[in-house]
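Asks: Okay, handing you the structure first.
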Amino acid sequence: MYDANRIVEVIRASGADIIGLQEVDRYYSARSNYEDTIAVLAEQILSHQHYPLSSDESEQRGLLAAVLDVDGINLHFYTTHLGLAQSERVEQVKEIINIVASHTMEPCIITGDFNAHPDSVEVASMSPAFCSAFADEHDAFTFPAGNAVETLDYIFVNHQSGNIGDRTVIHSSLASDHYPIAAKLLL
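Letter by letter, the sequence shown follows residues 41 to 227 of the working numbering.
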């Protein structure tokens, strides 16, 4: 069972300014003890948009979007959790690219659980518009936490997002079955 307080602990320890969360429940799941995890994690929900993505599964898939003002610069931040079947993920990535296309002249970050390996069609489809913050890291394993042997989680940035500084896989199994990842962007 997930514990919102453990999630908060990991987030605080990371020092992150912006986070993207997956599988965070709002009231309806035994996994979270029917607790509104989002309310525990944030005092208020900022304005955002949700774009449903096509899905062959019973789980809803989507892309959550937010625009942040970073020192007068519009930063477009997106987070997603793609499906389990490759054919589904390929279509979902196409949808994501179409959704963000109108904002690519400004800094854009796309994060999430892509359920896909670095050499997959889905990940390759993100370029040339986006590159993975961990593109040259061949051991950025995120799943399963505790004994990670797969890279499924990504931070993609476009060319307007500046330089990628430090990046890390946060080896904490306190809050999730995936390890969190973090990257510092120098806008």
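Ideal placement from N, C-alpha and C gives every residue a C-beta, glycine not left out.
Just so it is clear, the structure is predicted and the values come from calculations on it, not from any experiment.
If we ignore side chains and look at the alpha-carbon of each, how far apart do D111 and A56 end up?
Replies: The straight-line gap from Cα to Cα measures roughly 17 angstroms.
Asks: Would you kindly report the start and end of the unbroken alpha helix (DSSP H) that includes Q62?
Replies: First-last for Q62: undefined, no H or E at that position.
Asks: Which residue comes first and which comes last in the beta strand (DSSP E) that contains S236?
Replies: In this structure the chain extends from 41 to 227, so residue 236 is not present and cannot be described.
Asks: Can you tell me whether S160 is helix, strand or coil according to DSSP?
Replies: Coil.
Asks: Exposed or buried, L86, counting other C-beta atoms within 10 Å across all chains shown (16 or more means buried)?
Replies: The predicted position of L86 is uncertain, since its pLDDT is 46 and thus under 50; a value taken from the coordinates is nonetheless stated next. Exposed.
Asks: Is the beta carbon of D153 closer than 8 angstroms to that of D193?
Replies: Taking 8 angstroms as the Cβ cut-off, D193 and D153 qualify as a contacting pair.
Asks: Taking the continuous beta strand (DSSP E) assigned at P228, which residues delimit it?
Replies: There is no way to answer for residue 228, as the model of the chain reaches only from 41 to 227.
Asks: What is the rounded straight-line gap between the Cα of P184 and the Cα of A215?
Replies: Using only the alpha carbons, I get a separation of about 12 angstroms.
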